[in-house]
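Each remark here refers to the structure printed beneath this line.
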Amino acid sequence: MKKNTSDRLKELMQLRGIKQIDIINMCKNNPYGIKLNKSDLSQYVSGKFLPKQDKLTLLAYALNVSESWLMGYDVPMEKIDDKMVTMRDIAVKKSTELELIIEKINSLNHDKLTILKKFLYFIDIADYNEINQIESYINFLKSQKKN
12 MKKNTSDRLK ELMQLRGIKQ IDIINMCKNN PYGIKLNKSD LSQYVSGKFL
62 PKQDKLTLLA YALNVSESWL MGYDVPMEKI DDKMVTMRDI AVKKSTELEL
112 IIEKINSLNH DKLTILKKFL YFIDIADYNE INQIESYINF LKSQKKN
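The number in the numbering used here is simply the position in the sequence shown, starting from 1, with 11 added.
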C-alpha cells in the first residue's frame, strides 16, 4: 500500500526523534529561498494538505531524503546526490588505478624496485618541469644507447 507525505513525515519524526519545530528549523537557511511555516508543516503532518512541489523539495532537502520517498512511493529513503555518484565513480577509478600500480610494483625485480624508489625520491623534491627534464634526459640517453 502506497503511503503519503503525512505518513512519511511521521515516520521520519519517530525514526529520528525529532519534532515539527525541528523540521521547521532544519528548513531555515536553505539554498532555495523557500520558507516553511508551522501551519504549513502541521497541515502536511496531519494529512489535511499535500505540500506543493517547492515545499516538497525543501522538506526533502532539509531531511536529506528523496522527494519520491517523501511522497510515499516505494523507493529508497536515501537521497542519491549526483555529487555522491560522481565521488563513488572517482573512488572506483582510483581504486582500479591503485590496483594496477600495486600489480606492477609486485612484478618488479630488485633492481627495478631500487630505480622506482629513486624516482619516488625525485618526485618529492622536484617540480613538474624538473620531472619533465628528467624524462627528456632519460629519453635522450635511450636514443644514444640505440646508436
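C-beta: ideal position from N, C-alpha, C; glycine also.
Cβ-Cβ separation between residue 56 and residue 17: approximately 6 Å, consistent with a contact (criterion under 8 Å). Between residue 133 and residue 145 a beta carbon distance of about 6 Å is seen, short of the 8 Å cut, so the two are scored as contacting. Relative to residue 84, the option among 13, 157 and 156 whose CA is nearest is 13. Here the alpha carbon of residue 25 sits roughly 16 Å from the alpha carbon of residue 70.
The beta carbon of residue 31 lies closer than 8 Å to those of 24, 49, 52, 53 and 56 in the same chain, with the five residues before and after it left out. Of the residues 100, 127 and 121, the one whose Cα lies closest to the Cα of residue 112 is 127. The criterion of a C-beta distance shorter than 8 Å is satisfied by residue 66 and residue 47. DSSP, reduced to helix, strand and coil, places residue 76 within a strand of the structure shown.
For residue 21, the uninterrupted alpha helix (DSSP H) run begins and ends at 16-27, by DSSP.
Looking at the DSSP output, residue 89 shares a beta bridge with 76.
Secondary structure at residue 69: helix, using DSSP grouped into helix, strand and coil. Cα atoms of residue 151 and residue 142: separation of roughly 14 Å, rounded to the nearest angstrom.
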